[in-house]
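Here the sequence shown is numbered in our numbering, starting from 1478 and rising by one per residue.
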Amino acid sequence: MLRRAETEFAERLGIPPDYLSPIGMHLLLTIGILFFEWNVVELIFVYLSELVVVAVLFATAALFAAQPVEDHDADKWREDPSPVQPVPLLPPIYPRNAGLIVNNTFAYAVFFLFFIAMFASVVDRSVSSLLSPTAGLVILAICVSQLRRVWREFLVDHSYRDRPPAEALELGLRPVAKFAIIAVYVIVPTTVVVLTASFVLPDTMSGRVVLLAYTLPIGAVRVCLQDDAVETLLQHQE
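In structure tokens form, the structure reads like this:
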């Protein structure tokens, strides 16, 4: 019912339903900047939290995927999957998927932990002091939104039975590819514009203006990168 309501609302706006999530998130970020005096640390923390939440949830969903992976260690995938179900309320877990999950996420995890360590060393503040209550609510909204997405993609009607783990991992790591594109095509040129404007019009470049100069284009590009746009762009780059 909720999915149908989202679809109807998106149709009224004349946009695909998948656009609602990035639009809603960046609308909340804009409100936080304008009315709750968010700073750059809170914005970065929200973006990093989203990456972690998405990766962890879909990596977990990959444990439930019952179908084998094509062209990946064929002998192993032909064996009896031997699922286990430690939690009765959750789907069975396929231990054979664990190696694939580790192999696909290890490099991302190392890079991300390195980035987190750099961020923490620069900020030199505890997690509790990084977030205002409103920023915490936005992160909570991200968690709920992504939980609903995992439920819709892999759990409704036991759809995990017909999905390979690679599909869940692809969805979980896709935001990393998006932010790599955003760094090149949005953050770098926006930084050039902001620095130029700071020299030309120093009185107009307040903290809020600078944050909005980054947040709004990032939100617009993330909307454009929904669906299969990421893969299309990467294929053209190759």
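All residues carry an ideal CB built from backbone N, CA and C; glycine is no exception.
Distance from the CA of Ile1521 to the CA of Pro1642, rounded to the nearest whole angstrom, comes to 29 Å. Using a 10 angstroms sphere on the CB of Met1502, the tally of other CB atoms reaches 16 or more, which defines it as buried. By the CB criterion at 9 Å, Leu1702 and Thr1507 fall outside the cutoff. A direct Cα-Cα distance of roughly 33 Å separates Val1687 from Glu1488.
Under the three-state reduction of DSSP output, Ile1659 falls in the helix class. Cβ-Cβ separation between Leu1648 and Glu1630: approximately 7 Å, consistent with a contact (criterion under 8 Å).
Annotation for Phe1535: Val1627, Ala1645, Leu1646, Leu1648 and Gly1649 place their beta carbon closer than 7 Å to its own, counting only its chain and skipping 5 residues before and after.
Taking every protein chain shown into account, the CB of Arg1638 has fewer than 16 other CB atoms within 10 angstroms, so this residue is exposed. Under the DSSP assignment, Met1502 falls in the alpha helix (DSSP H) whose first and last residues are Leu1497 to Phe1512. If you draw a straight line from the Cα of Val1564 to the Cα of Gly1684, it is about 48 Å long.
Here Phe1541 has Pro1568 and Tyr1637 as same chain residues with Cβ atoms under 6 Å from its own Cβ, once five neighbours each way along the sequence are excluded.
When rounded, the separation of the alpha-carbon atoms in Tyr1571 and Pro1610 is 38 Å. For Thr1692, the closest C-alpha among the options Thr1681, Phe1656, Ala1594 and Phe1583 is that of Phe1656.
Between Ile1664 and Met1682, the alpha-carbon positions lie close to 17 Å from each other.
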